[in-house]
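In our numbering, the protein residues as written are 1 to 750.
Even for Gly, the Cβ is constructed at its ideal location relative to N, Cα and C.
What follows is the structure in structure tokens.
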């Protein structure tokens with residue numbers, strides 16, 4: 001054969017060296033027994049974006065002049081199939097060649113580690129030896145001897161050389177090929193993290209949203225510089241990128257499909273992706289397919305790993321804890337933890353803190369595999385440890401029951417136990433809240449999953465266990481969503497009691513987001529159902545909720561009969577707690593109607609009943625109500641005494657929300673008798689709400705403090721609390737509140 005020289009490349013048919021290759025090199029090629037992938041180094045990717053941070057880490061590491069003490073194996077790039085490992089490696093190799101870093105040459109070999117027939121060590125080293133100039137007739141017989149000769153040749157190579165080992169599945173494919181001298185550099189890519197190579201590890205992540213859009217733009221403009229479909233598509237392009245999971249392979253496939261059909265719009269692609277049974281069905285351009293890429297990784301899993309990957313597709317939320325995985329798999333946490341670590345190493349599962357997630361497309365793929373083994377009806381232990389449909393259903397039931405039971409245990413700390421729920425799960429309320437905060441998305445998703453998988457008792461009962469938490473955190477959109485599911489599920493199954501309770505809770509949530517007419521419909525439906533069930537106590541609770549909503553819309557005269565009717569029912573039922581609650585609410589309505597003497601009497605009665613029940617928290621609430629009624633009668637000093645008594649009642653309790661509310665009352669009352677102390681009380685209220693981790697009430701307290709400062713002539717001092725409130729409302733997405741507060745800020749000056 002004839003070797004040709006083009007620029008600074010010597011074309012050795014199946015390899016490319018930059019400039020000269022010293023050592024025992026002859027410019028001819030003797031075919032060996034196999035034909036491995038040491039082809040001329042593939043071209044640098046034409047479309048490459050979003051990897052600036054990775055390049056900034058990788059390039060200095062492979063620069064031979066950067067650090068003489070670096071080990072020979074410099075970097076192992078790992079990541080999910082289709083994430084762009086080879087593209088990054090090629091980009092780096094070509095950049096290094098342009099910089100003249102490796103006058104000894106650049107070798108690229110695809111080890112095909114995830115193929116059915118991966119390149120063996122003997123095949124790889126034989127090809128490398130031939131490229132380095134050795135005739136096959138001169139080679140030793142054994143693989144170990146060939147590797148020794150290969151390392152000797154590299155040791156004789158005085159100029160730095162870069163070796164790119166692509167698609168290694170295991171360290172055993174890489175270790176025999178490593179140079180024995182430090183001047184050479186090796187870049188490895190793998191779908192698995194290879195921690196025992198002594199390499200600098202770089203774990204590739206999916207692209208960010210902007211980089212994903214830029215990849216689409218570049219790909220279309222490469223084919224046709226005038227193609228502006230992505231640039232002009234706006235939200236549709238962003239939706240395509242999102243549905244591709246920001247995975248480079250998926251984005252390249254979509255770009256190829258768009259190039260093939262110049263008349264197709266990006267919006268049509270977005271619609272097709274959204275409507276496809278699975279995004280994986282669409283992400284196939286005939287030459288490349290995301291599903292095929294994932295197949296390579298899946299085939300390398302053990303039975304246990306493949307089994308767990310498929311099970312994870314049944315997790316309803318965006319992530320899952322170790323305890324959740326253990327429940328799903330029906331195995332101890334230590335066992336599933338080991339398997340999870342292997343799935344993380346294979347980049348099919350990602351760990352963040354103590355939680356695990358899957359890329360959306362990997363989740364789709366895992367679901368497909370679960371469906372495939374279900375259709376095959378295979379039993380555990382066959383193939384990849386397949387589970388039939390009943391096994392998967394049991395796994396999903398275990399996870400839903402785990403969420404349901406643990407949410408009940410957490411709710412015990414927020415609203416008191418309601419039955420034989422697990423004890424000892426959480427030692428404190430803070431622990432319970434921390435768990436609920438971490439699992440919130442999974443818990444709301446579990447309600448949806450329960451409703452569509454036949455777990456009706458969970459779909460109906462779960463929102464009740466989430467009610468206190470979602471109300472406390474003011475996640476009313478979530479509360480509306482899950483209680484709506486509970487209402488619909490209960491109605492379909494004929495569970496009148498469940499429907500009635502859910503309808504009442506739905507009405508309360510709708511009231512909190514100012515959807516009063518919808519709330520009234522829910523309350524009326526709940527009242528009808530409890531009347532049919534002859535459940536007077538629950539009917540009384542509904543009438544109480546309805547009365548509160550009527551008061552919220554400024555209809556206290558209509559609210560009062562609701563409260564009185566509810567009081568009659570609770571007296572018949574003998575429920576002292578509900579009677580105390582109603583007395584407090586009756587006091588509030590009498591205040592609205594300016595019947596302050598009646599208001600004081602009702603609040604005093606509520607405080608007395610709560611004290612009798614040993615309920616210090618609600619006793620303090622009633623005392624706070626009484627303080628307002630006394631203040632309205634000009635009895636401010638008595639009002640302050642009631643407020644102080646309320647604060648003393650809960651002083652030993654961990655009730656920062658309640659303390660904040662009482663401190664606000666004390667601040668408002670103090671404005672008329674001790675204005676110099678009011679600001680201090682407002683600040684204490686803010687601090688209490690900070691301890692309670694209740695940003696909405698923090699903002700309200702700051703606005704109240706600012707109003708008091710303005711009223712007392714301290715206009716300039718009001719700026720900071722108003723600005724802080726605006727920031728909190730903005731962060732929470734409370735746009736109306738932020739706008740109103742911004743208007744107030746504008747009214748008091750620049």
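First through last residue of the beta strand (DSSP E) which encompasses residue i
i: residue 355; result: 355-357
i: residue 202; result: 200-203
i: residue 110; result: 106-110
i: residue 352; result: 350-352
Buried or exposed (CB count within 10 angstroms, at least 16 for buried), residue i
i: residue 624; result: buried
i: residue 661; result: buried
i: residue 394; result: exposed
i: residue 390; result: exposed
i: residue 91; result: buried
i: residue 739; result: exposed
i: residue 208; result: exposed
i: residue 698; result: buried
i: residue 228; result: exposed
i: residue 594; result: exposed
i: residue 191; result: buried
i: residue 343; result: buried
i: residue 196; result: exposed
i: residue 612; result: exposed
i: residue 359; result: buried
i: residue 648; result: exposed
i: residue 235; result: exposed
i: residue 617; result: exposed
i: residue 721; result: buried
Residue i - containing alpha helix (DSSP H), residue span
i: residue 174; result: 171-174
i: residue 522; result: 516-533
i: residue 537; result: 536-552
i: residue 577; result: 576-592
i: residue 425; result: Taken as a continuous stretch (DSSP letters only), residue 425 belongs to no alpha helix (DSSP H), as it is neither H nor E.
i: residue 596; result: 596-613
i: residue 648; result: 636-649
i: residue 258; result: 248-260
i: residue 762; result: With the chain covering 1 to 750 only, the question about residue 762 has no answer from this structure.
i: residue 616; result: 616-632
i: residue 65; result: Unbroken run through residue 65: none, as it is neither H nor E.
i: residue 505; result: 496-512
i: residue 41; result: From DSSP, residue 41 is part of no alpha helix (DSSP H); its letter is neither H nor E.
i: residue 91; result: 85-98
Residue i and residue j closer than 8 Å at C-beta
i: residue 49; j: residue 214; result: yes
i: residue 259; j: residue 223; result: yes
i: residue 589; j: residue 630; result: no
i: residue 154; j: residue 179; result: yes
i: residue 540; j: residue 569; result: yes
i: residue 368; j: residue 280; result: yes
i: residue 204; j: residue 171; result: no
i: residue 705; j: residue 741; result: no
i: residue 712; j: residue 675; result: yes
i: residue 217; j: residue 231; result: yes
i: residue 202; j: residue 247; result: no
i: residue 643; j: residue 666; result: yes
i: residue 542; j: residue 523; result: yes
i: residue 322; j: residue 288; result: no
i: residue 396; j: residue 476; result: no
i: residue 186; j: residue 149; result: no
i: residue 793; j: residue 294; result: Any property of residue 793 remains undetermined from this structure, which presents the chain solely from 1 to 750.
Opposing strand residues paired with residue i [DSSP bridges]
i: residue 188; result: 76, 165
i: residue 321; result: 355
i: residue 289; result: 284
Near the ligand GTP: residue i beta-carbon under 7 Å from a heavy atom
i: residue 655; result: Looking for the ligand GTP in the displayed structure turns up nothing, as the structure carries no ligands at all.
Give a yes or no on contact between the stretch 289-309 and the stretch 341-360, applying the rule of three or more CB pairs nearer than 8 Å. yes
Taking contact to mean 3 or more Cβ pairs, one atom from each stretch, closer than 8 Å, check whether the stretch 682-692 and the stretch 649-658 are in contact. yes
So, do the stretch 486-493 and the stretch 429-441 have three or more beta carbon pairs nearer to each other than 8 Å? no
Say whether the stretch 443-452 touches the stretch 398-406, bearing in mind that this needs 3 or more beta-carbon pairs closer than 8 Å, one atom from each stretch. Short answer: they touch.
Validate contact between the stretch 568-584 and the stretch 596-613 using beta carbons, cut 8 Å, 3 pairs: yes
Stretch pair the stretch 139-147 + the stretch 89-104: three plus CB contacts closer than 8 Å: no
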